[in-house]
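In this note's numbering, the protein residues as written are 2 to 210. One structure below.
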Amino acid sequence: MSPRRHTHRSPGRLLRALSAFMLALTLLPALAAEADETWDYRIEPGDTLIGVARELLAEPQRWRDLQRLNRVGNPRRLPIGGTLRIPLAWLHTEASVASVVMSAGPVSLLRGSAAARSVAVGDSLQSADRLQTGEDASTMIELADGTRVLMAPKSRLTLHQLLQYRGSGGRASVLQLHEGSAETQVRPDAPRPRFELRTPVLTLGVRGT
Numbered sequence: 002m003s004p005r006r007h008t009h010r011s012p013g014r015l016l017r018a019l020s021a022f023m024l025a026l027t028l029l030p031a032l033a034a035e036a037d038e039t040w041d042y043r044i045e046p047g048d049t050l051i052g053v054a055r056e057l058l059a060e061p062q063r064w065r066d067l068q069r070l071n072r073v074g075n076p077r078r079l080p081i082g083g084t085l086r087i088p089l090a091w092l093h094t095e096a097s098v099a100s101v102v103m104s105a106g107p108v109s110l111l112r113g114s115a116a117a118r119s120v121a122v123g124d125s126l127q128s129a130d131r132l133q134t135g136e137d138a139s140t141m142i143e144l145a146d147g148t149r150v151l152m153a154p155k156s157r158l159t160l161h162q163l164l165q166y167r168g169s170g171g172r173a174s175v176l177q178l179h180e181g182s183a184e185t186q187v188r189p190d191a192p193r194p195r196f197e198l199r200t201p202v203l204t205l206g207v208r209g210t
């Protein structure tokens with residue numbers, strides 16, 4: 002009978018291996034939580050994980066997180082036509098806009114420290130713009146993803162955030178209704194809509210599926 006072989010490891014190596022394992026257990030739940038909302042990127046010829054991260058991510062150095070999330074073995078060899086699951090929270094964001102599609106009665110627009118001016122159909126709106134409708138006045142704005150918001154008379158609204166995710170076509174919009182009322186209509190076919198309407202008593206959130 003051949004002698005049984007035993008493998009001996011130094012305490013230092015075992016400690017390092019255990020530390021790496023515990024670190025992985027710590028990182029995985031955090032990555033999973035961030036990856037709740039994702040976009041599937043279709044891999045093109047010549048793509049590498051580092052190149053995709055440099056082009057699309059707000060923090061390109063997170064390509065290693067992307068590698069772990071998608072279980073990519075070789076970051077320089079990606080299967081053409083395959084997909085990479087990219088969390089929306091990791092994507093680089095750019096400014097988006099909204100537009101006025103209907104206005105009736107006295108409606109004011111305030112931008113920065115400039116004096117208030119009247120709103121007209123076709124006006125372009127941006128993040129931090131404030132709208133106010135007078136008595137017996139109303140206005141409807143349309144966000145870049147097709148979502149429409151109708152402001153009732155005697156209402157005040159701030160376009161708190163208008164963003165778009167680079168590459169995905171998705172949008173993130175946050176509006177704050179300070180007083181009055183508003184009705185919303187969200188396009189169900191919009192690419193990855195993330196829309197929030199905040200009021201003094203509640204927040205209405207609509208997210209894409």
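Glycine residues also receive a C-beta, built at the ideal position from the N, C-alpha and C atoms. Please read all numbers here as calculations on a predicted model, not as lab measurements.
Among the options, nearest to residue i - alpha-carbon criterion
i	options	result
GLY147	VAL187, THR134, ARG43	VAL187
PRO88	ALA105, GLN68, ASN75	GLN68
HIS161	THR200, GLY123, SER182, GLY135	THR200
ALA182	GLY135, LEU110, PRO189	Rather than Ala, the amino acid found at residue 182 in this sequence is Ser. Of GLY135, LEU110, PRO189, the residue nearest in Cα terms is GLY135.
ARG195	ALA173, ARG63, TYR166, GLU180	ALA173
GLU38	HIS179, GLU180, TYR166	TYR166
Nearest-angstrom beta carbon gap, residue j and residue i [assumed within contact, 8 angstroms]
i	j	result
VAL150	VAL120	Going by Cβ atoms, the distance from VAL150 to VAL120 rounds to 13 angstroms, so no, they are not a contact pair.
GLY168	LEU57	5 angstroms
PRO107	ALA138	5 angstroms
THR94	ALA59	7 angstroms
ILE44	GLY82	6 angstroms
PRO76	LEU50	4 angstroms
THR185	LEU198	6 angstroms
CB of residue i within 9 angstroms of CB of residue j, strictly
i	j	result
ALA145	VAL98	yes
SER104	THR140	yes
SER156	GLN133	yes
ARG118	THR159	no
ALA96	SER128	yes
LEU79	ASP41	no
ARG86	LEU70	yes
LEU111	LEU126	no
Endpoints, the alpha helix (DSSP H) within which residue i is located
i	result
ARG69	64-71
ALA105	Taken as a continuous stretch (DSSP letters only), ALA105 belongs to no alpha helix (DSSP H), being part of the beta strand (DSSP E) at 99-105.
ARG167	Per DSSP, ARG167 belongs to no alpha helix (DSSP H) and is neither H nor E.
ARG77	First-last for ARG77: undefined, no H or E at that position.
ILE51	50-57
Boundaries of the beta strand (DSSP E) in which residue i is found, first to last residue
i	result
ARG172	172-180
GLU184	183-186
GLU95	94-96
LEU111	108-111
THR148	It is not in any beta strand (DSSP E) - THR148 carries neither H nor E in the DSSP assignment.
LEU132	131-134
LEU89	Segment: none, LEU89 is in no beta strand (DSSP E) and carries neither H nor E.
ASP41	39-43
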